[in-house]
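Notes to accompany the following structure.
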Ligand code: ADP
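In my numbering, the protein residues as written are 2 to 510.
Written out as structure tokens, the structure is:
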């Protein structure tokens, strides 16, 4: 087993990885940029090294600096987490060159499956139906026009090296194609240094269901059930759950076997995710492979009872998978909310800043994978994910009820967050009946789910603040009782935050 693992990441995932190392009795080394000097992952690590200024291009994306730290600290393995360099074969190669084990797939498998068009070709080879579209990058706008004609509008242009929705454009009619082509190309070039595009038919109102696969270096490959991630905002996941409410045993084994087949053809090892879109008739179409640990891995952990990070470490160290497909059993239901520092009143614009105060939820079945603390200033240099709130229950209703209760307890003051959006989603009949598709949340938000305009919500806030102030004046005695928040003592931001909390809870239409 490894002696010391370099955690090449930050935020909640760095904390998650540190905990796994600690449990296994393996040393862990954190790295940090200037913006993260007192970040939670640094505070929790017994050893941490500075790797450069705040911009990720000068710190978390610097392979040379990571290799220097690995050498200096005597690390024999590296875990990349997700994002940053996690899917960059150059990091895996640099690790190999420096005698450090990369905890993930081989760089070759990453290349084969990480390219979206490459993965689509492998899917064909494996006999797995992909979303209809081109298998190769498209050479010119003219070629795109012909391919779109063949697939039939609406289509979606996508970056070959894409991820995070970048370089992706929905095109409803031929008229929009030229503009979308230009935009997608330059966005992809900027984000990935690769402007190549391909296209897919745009499926109307599908569900996003993905399969967790796991392979060891001895040729064993299993699937660990599915996660449904259909609650998305602008094609980015917001809530994930396991199992999928529309899954049955037959579909699970068909999708699971398809995912394993594709991973095998790609020579894949370690943890990976094969994503599918599923239509109303429950036909499934391969979308892409994520060659790393996913943000939403905790929901799989809750229902399978497995620790995926520890499993990744064991498999990377050369151990065989300690179970076979027939041993994988799922129990209960888990859901995850991605808690972001962003302002729903301002088009979900990132809202970094100082967390003045926070109260985190607890209780049966509640897990919080968090990367922040009260007093920490969320930097504006990175993805503003603060925490992932996970609820487990014996069935979907119990998991949802526990999530609702945890969301009511959760309070983050000083910055804007998307907590209130989740409180509303977990009271929405469509969501509770699991009548969902990937555009469901966008459509609901467009109908004004969070107040149609800023002015309108300001007026509502003013009314709610008046009510809250009145309640505060009426109940300061009661508020002093143990278990209740103490009344604000001065006109500080803390006080405004406390009032805002009440505003947040005041019922709105
Ligand atoms: P990225 O890797 O950039 O996140 P994906 O290919 O994983 O992009 O797609 C992200 C989301 O975009 C999907 O979950 C789905 O909601 C939507 N999407 C992508 N391709 C299609 C398609 N062909 N038809 C309908 N929706 C799509």
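Cβ coordinates follow ideal geometry from the N, Cα and C atoms, glycine included.
Proximity to residue i [Cα-Cα], best of the options
i: residue 175; options: 194, 298 and 154; result: 154
i: residue 420; options: 357, 284, 335 and 387; result: 387
i: residue 1; options: 282, 244 and 290; result: Outside the displayed span of the chain (2 to 510) sits residue 1, for which this structure offers no information.
i: residue 34; options: 49, 45 and 27; result: 49
i: residue 160; options: 180, 151, 32 and 188; result: 188
i: residue 45; options: 317, 347, 64 and 14; result: 14
i: residue 357; options: 348, 342, 282 and 369; result: 342
i: residue 431; options: 231, 403, 25 and 16; result: 231
i: residue 169; options: 180, 185, 156 and 162; result: 185
i: residue 86; options: 75, 111 and 69; result: 111
i: residue 242; options: 293, 235, 193 and 305; result: 305
i: residue 436; options: 247, 101, 404 and 51; result: 247
i: residue 12; options: 340, 307, 308 and 183; result: 340
i: residue 216; options: 118, 449 and 309; result: 309
i: residue 442; options: 418, 222, 235 and 36; result: 235
i: residue 385; options: 369, 406, 405 and 349; result: 349
i: residue 253; options: 403, 144 and 223; result: 223
i: residue 264; options: 119, 335 and 285; result: 119
i: residue 301; options: 129, 407, 73 and 245; result: 245
i: residue 206; options: 284, 427 and 398; result: 284
i: residue 397; options: 293, 22, 333 and 84; result: 333
i: residue 449; options: 406, 347, 122 and 28; result: 347
i: residue 103; options: 68, 117, 23 and 126; result: 68
Alpha-carbon spacing of residue i relative to residue j, whole angstroms
i: residue 322; j: residue 60; result: 34 Å
i: residue 204; j: residue 280; result: 8 Å
i: residue 502; j: residue 414; result: Here residue 502 scores only 42 on pLDDT, less than 50, and its place in the model is too uncertain to base an answer on.
i: residue 171; j: residue 177; result: 9 Å
i: residue 114; j: residue 164; result: 13 Å
i: residue 2; j: residue 82; result: 19 Å
i: residue 257; j: residue 54; result: 43 Å
i: residue 382; j: residue 133; result: 37 Å
i: residue 31; j: residue 78; result: 13 Å
i: residue 99; j: residue 5; result: 14 Å
i: residue 124; j: residue 261; result: 11 Å
i: residue 148; j: residue 142; result: 10 Å
i: residue 88; j: residue 80; result: 11 Å
i: residue 325; j: residue 391; result: 27 Å
i: residue 193; j: residue 251; result: 38 Å
i: residue 417; j: residue 353; result: 8 Å
i: residue 238; j: residue 287; result: 17 Å
i: residue 25; j: residue 158; result: 44 Å
i: residue 440; j: residue 233; result: 7 Å
i: residue 36; j: residue 51; result: 10 Å
i: residue 411; j: residue 129; result: 42 Å
i: residue 369; j: residue 150; result: 47 Å
i: residue 373; j: residue 408; result: 17 Å
i: residue 145; j: residue 180; result: 12 Å
i: residue 292; j: residue 313; result: 12 Å
i: residue 307; j: residue 400; result: 18 Å
i: residue 20; j: residue 240; result: 24 Å
DSSP beta-bridge partners of residue i
i: residue 422; result: Partner(s): none; residue 422 has no beta bridge.
i: residue 338; result: 240 and 390
i: residue 78; result: 6 and 102
i: residue 209; result: 278
i: residue 290; result: 275
i: residue 269; result: In DSSP, residue 269 forms no bridge with anything.
i: residue 522; result: The structure shown does not extend to residue 522, since the chain is modelled only from 2 to 510, so the question has no answer here.
i: residue 351; result: 343
i: residue 414; result: 358
i: residue 224; result: 214
i: residue 370; result: 389
i: residue 171; result: 157
i: residue 229; result: 210 and 242
Residue i Cβ short of 6 Å to the ligand GTP heavy atom set
i: residue 172; result: Within the structure as shown, the ligand GTP is missing, the only ligands being the ligand ADP.
Closer than 7 Å to chain B by CB, residue i
i: residue 330; result: The structure shown contains no chain B, having only a single protein chain.
Notebook entry, point to check: In the region 139 to 167, which residue ranges form an unbroken alpha helix (DSSP H) of at least 4 residues, counting only runs that do not cross its ends?
Noted result: List check, alpha helix (DSSP H) in window: 142 to 152.
Next item on the list: Return the chain-ordered ranges of every alpha helix (DSSP H) run that is complete within the region 27 to 56 and spans a minimum of 4 residues.
Entry: 41 to 45
Check: Is there contact between the region 201 to 212 and the region 225 to 242, where contact requires at least three CB pairs shorter than 8 Å?
Finding: yes
Item checked: Segment contact flag, the region 194 to 201 with the region 128 to 143, C-beta cutoff 8 Å, min 3 pairs -> yes
Check: Does the region 93 to 100 touch the region 263 to 283, meaning 3 or more C-beta pairs lie closer than 8 Å?
Finding: no
Notebook entry, point to check: Are the region 371 to 388 and the region 37 to 46 touching, with three or more C-beta to C-beta distances below 8 Å?
Noted result: Enough Cβ pairs lie closer than 8 Å, so yes.
Next item on the list: Count the C-beta pairs between the region 104 to 114 and the region 57 to 74 that are closer than 8 Å, then say yes if the count reaches three, no if not.
Entry: no
Check: Are there three or more Cβ pairs, one per stretch, closer than 8 Å when the region 309 to 323 is compared with the region 360 to 374?
Finding: no
Next item on the list: At 4 residues or longer, and completely inside the region 283 to 329: list those alpha helix (DSSP H) runs for me, N to C.
Entry: Whole alpha helix (DSSP H) segments, 4+ residues: 298 to 305 and 309 to 317.
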